[in-house]
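Asker: Quick one: structure below, then a few questions.
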Amino acid sequence: MLYLGVSEYFFKSASLAYYNAGAFNITITKEFSTYFMPTEVTPNNTIPEVLQLVQNYTMSHPLMLMLQSTAAPIVSLQTGSLTTEVTGYLEMFSVLPNSSLQFIFAGNLTVNTSANMTISKQKLIISLLLKRFHFSLTRSGVDFSEISLLEKFLSRVLWNGAIPAVNDKLRKGFPLPNQAQTKFIQPVLEFNQGYLLISTDIHYTL
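Here it is as structure tokens:
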């Protein structure tokens, strides 16, 4: 049995490196309807009122999401979980047939996520799950009479657009310390205060 400890500092350093490399700056263009595929967190009953408000404004044109992180993510390792907090500035546009952009809204965004982790090919693979978010509207071309409508729309955008885009960038993983000709067998990950403990059998090939 082999035991590896990965400190919280490792994850903070990694998040800073990703931030400096622009990994949390995202531009996504999608057809409007793809943001409104049902999920367990944002069920069908939230769709009609949001669709009517935003779709009338965009005339069903594709949407462009531009999200720019404004600080390195805050990473916290606690017993049973790893959480992150990402702050940024979000802008949403409609892409017109002539490829010009029609402004919809913009504002400051703080996103809190939890993280799932797996080990594959001696790499630590992280995927983020949206827990909650806070959005502060700074400009808008749409008359959002209720901020709750905008929050419902953003919930769709984050779940079906921004979070998957970040996870695609994280999918390449973080290499773990490894000796030549060894392979982890059934590794177990345990979150503790300030560190991650990896317990694994190893297979050694002569």
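My numbering puts the first residue of the sequence shown at -13, with every later residue one more than the last.
Note that beta-carbon positions come from the ideal geometry of N, C-alpha and C, so glycine has one too.
1) Out of T73, S106, S185 and L114, point me to the one whose CA is closest to N94's CA.
2) By the 10 Å Cβ neighbour count, where 16 or more other Cβ atoms means buried, how is F10 classified, buried or exposed?
3) Mark G(-9) as exposed unless 16 or more other C-beta atoms lie within 10 angstroms of its C-beta, in which case mark it buried.
4) Would you list the one or two residues that DSSP bridges to M(-13)?
5) Please list, in chain order, all residues of the same chain as I171 whose beta carbon is under 7 Å from its beta carbon, the five residues on each side excluded.
6) Within 10 angstroms of its Cβ, does F139 collect 16 or more other Cβ (buried), or is it exposed?
7) Going by DSSP, what residues sit across from T70 in a beta bridge?
8) Under 8 Å Cβ to Cβ from V152, same chain only, skipping five residues before and after it: list those, please.
9) Which full runs of the beta strand (DSSP E) of 3+ residues lie inside the region 102 to 164, going along the chain?
10) Please return the same chain residues whose Cβ sits closer than 7 Å to the Cβ of S126, not counting the five positions on each side in sequence.
11) Hey, how far is the Cα of W145 from the Cα of L116?
12) Is N30 helix, strand or coil when you go by DSSP?
13) Extract the residue ranges of the alpha helix (DSSP H) inside the region -13 to 15, only unbroken runs of 4 or more that lie entirely within it.
14) Which same chain residues end up closer than 8 Å to P29 when comparing Cβ atoms and leaving out the 5 residues on each side of it in sequence?
15) Give me whichever residues DSSP pairs with N94 in a beta bridge.
16) To the nearest angstrom, how far is it from the Cα of K16 to the Cα of P48?
17) How long is the line joining the alpha carbons of A3 and M(-13), rounded to whole angstroms?
18) Please list the terminal residues of the continuous beta strand (DSSP E) segment that includes N178.
19) Give me the DSSP bridge partner(s) of T191.
Answerer: According to the data block:
1) When only C-alpha atoms are compared, the closest one is T73.
2) Counting C-beta atoms within 10 angstroms of its own C-beta, F10 has 16 or more neighbours from the protein chains shown and is therefore classed as buried.
3) The residue is exposed, with fewer than 16 neighbouring Cβ atoms inside 10 Å.
4) DSSP, once it has assigned bridges, lists no residue as partnering M(-13).
5) Correct list, in chain order: T186, D187, I188 and H189.
6) Flag for F139 reads buried.
7) T70 pairs with V61 and T99.
8) Here the set comprises A9, F10, I12 and L114.
9) Listed in chain order, the complete beta strand (DSSP E) runs (minimum 3 residues) inside the region 102 to 164 are 109 to 126.
10) Excluding five sequence positions before and after S126, the CB atoms of its chain that fall closer than 7 Å to its own CB belong to F91, given in chain order.
11) One C-alpha to the other measures close to 7 Å.
12) Note that N30 has pLDDT 48, beneath the 50 cutoff, so the model's placement of it is unreliable and no number is given.
13) As far as the region -13 to 15 is concerned, its whole alpha helix (DSSP H) runs of at least 4 residues are -6 to 6.
14) The pLDDT assigned to P29 is 47, lower than 50, so where the model puts this residue is not dependable; a value taken from the coordinates is nonetheless given after this. When the five nearest sequence neighbours on each side are left out, no beta carbon in the same chain lies closer than 8 Å to the beta carbon of P29.
15) DSSP, once it has assigned bridges, lists Y75 and S122 as partnering N94.
16) K16 and P48 have their alpha carbons spaced roughly 5 Å apart.
17) Computed Cα separation, rounded: 32 Å.
18) Going by DSSP, N178 is part of the beta strand (DSSP E) stretching over T168 to N178.
19) Beta-bridge pairing links T191 to no other residue.
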